[in-house]
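What follows is one structure encoded as structure tokens, with my remarks underneath.
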Amino acid sequence: MADQGLTTAAGAAAAVPVGPDELPVCCPNPRMPLWSSHPRVFLDAAATGEARCPYCGTVYRLQGGAAKSGGH
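Quick note: the sequence shown uses my numbering, first residue 27, plus one each step.
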């Protein structure tokens, strides 16, 4: 019960949409409040079309689904 009334950065919000031009995805993103800061991590949303931050649980969803690899 220690977590009653507390919210996380992800909260009850839907997944954060990201476009192909925003890859690689990093979290925390610039729109997040300062109190929710954690070490910056880069997430691979291109492989499956979705990635979840291991620190705050925010889900990032690539618009248009998984991206095709360019071979690089």
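Backbone N, C-alpha and C define an ideal beta-carbon position, used for all residues, glycine too.
A buried status is given to residue 84, since no fewer than 16 other beta-carbon atoms sit within 10 Å of its beta-carbon. The residues 89, in chain order, have a CB closer than 7 Å to that of residue 45 in the same chain once the five nearest residues on each side in sequence are set aside.
In the three-state DSSP reduction, residue 60 falls in the helix class (H, G or I). Within the model, the alpha-carbon separation for residue 67 versus residue 54 is close to 8 Å.
According to the DSSP assignment, residue 53 belongs to the beta strand (DSSP E) that extends over 51–53. Of the residues 63, 71 and 65, the one whose Cα lies closest to the Cα of residue 51 is 71.
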